[in-house]
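Working notes, structure below.
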Amino acid sequence: MNEKTAKCVSKFLSLVLRHSPETIELKLDENGWADVEELILKCNKKGNQNQMTEELLDYVVENNDKKRFVFNENKTKIRASQGHSIDVELNLKESEPKDFLYHGTVEKFIDSIKKEGLQKMSRQYVHLSKDKETAIKVGSRRGKPIVLKINAPKMFLDGYKFYLSENNVWLIDEVPTKYIELN
Ligand code: HQG
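Under this note's numbering, the first residue of the sequence shown is numbered 1, with each subsequent residue one higher.
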């Protein structure tokens with residue numbers, strides 16, 4: 001499998017499974033699942049540059065660097081594990097963070113983050129990671145990364161709910177300023 005093709009498919013799946021299924025007239029159920037046959041049919045119908053096949057989907061689900069997508073048990077459905085901007089119920093696992101968590105961002109957002117804390121912006125949740133390296137990568141998507149250190153154990157003690165996605169991304173509704181340290 002050509003890695004460039006796999007990355008392109010992953011980006012396209014992120015678009016239709018997290019943000020705008022209507023791009024290919026796809027319907028997701030309330031839990032964010034798309035029917036695999038329908039997805040393949042509609043990807044190909046729209047003349048997407050990658051001819052979508054079951055094999056291609058298999059490869060991307062299996063080898064995706066962040067395990068962004070999962071099949072249901074009998075592989076008739078597929079969904080994104082996190083990152084949605086559309087309203088889907090993922091039935092996420094509530095979890096207790098035992099250590100600090102990290103968020104990668106860029107300078108231009110810092111003043112606003114200092115005022116309002118971390119907000120979910122267009123997504124369903126604020127995304128945090130357990131390691132700095134991931135946060136650096138996330139921030140780098142937008143420029144020179146700045147890593148924020150979040151006192152997650154304290155937040156948890158104070159009653160904030162944390163969720164852990166199937167692909168181990170920490171998700172939370174917001175992070176108020178007092179729990180954020182500039183690293
Ligand atoms: C910033 C990718 C101003 C926030 C990544 C971020 C991640 C504020 C941006 C996942 C703010 C939102 C999510 C405030 C937060 N004022 N700016 N009060 N609060 N921000 O893309 O975390 O590769 O929605 O710092 O790896 O960058 O696609 O969130 O810069 O895991 O699987 O507003 O997306 O995953 O941007 O990225 P995003 P994110 P994938």
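Backbone N, C-alpha and C define an ideal beta-carbon position, used for all residues, glycine too. As the structure is a computational prediction, the values presented were derived from the model and not from experiment.
Where DSSP assigns a beta bridge to glycine 143, which residues make up the other side?
Position 143 of the sequence shown, counted from the start, is the residue given in the question as residue 143. Answer is none; glycine 143 lacks a bridge partner.
Quick check: what's the CA-CA separation for serine 14 versus phenylalanine 71?
Taking the sequence shown and counting its residues from 1, one reaches residue 14 at position 14. Taking the sequence shown and counting its residues from 1, one reaches residue 71 at position 71. In a straight line, the C-alpha of serine 14 is about 14 angstroms away from that of phenylalanine 71.
Quick one, which of Val169, Asp58, Met1 has its alpha-carbon nearest glutamine 124's?
For the purposes of this step, residue 124 is taken as residue 124 along the sequence shown, with counting starting at 1. Here the closest residue by C-alpha is Val169.
Residue environment, serine 81, which counts as buried when at least 16 other CB atoms sit within 10 Å:
Locating residue 81 in the sequence shown gives position 81, counting from the first residue. Burial call: buried.
For ligand 1, I want to know if glutamine 119 counts as a neighbour, meaning its beta carbon is within less than 7 angstroms of at least one of the ligand's heavy atoms.
Here the question's residue 119 lines up with position 119 in the sequence shown. Yes, Cβ of glutamine 119 sits closer than 7 angstroms to a heavy atom of ligand 1.
Alpha-carbon to alpha-carbon, glutamate 3 and threonine 177:
Residue numbering aside, residue 177 sits at position 177 when the sequence shown is read from its first letter. Residue numbering aside, residue 3 sits at position 3 when the sequence shown is read from its first letter. Their backbone Cα atoms lie some 40 angstroms apart in a straight line.
Within the present structure, is the beta-carbon of histidine 103 separated from the nearest heavy atom of ligand 1 by less than 7 angstroms?
Position 103 of the sequence shown, counting from 1, holds the residue named residue 103. Yes, since a heavy atom of ligand 1 falls inside the 7 angstroms radius drawn around the Cβ of histidine 103.
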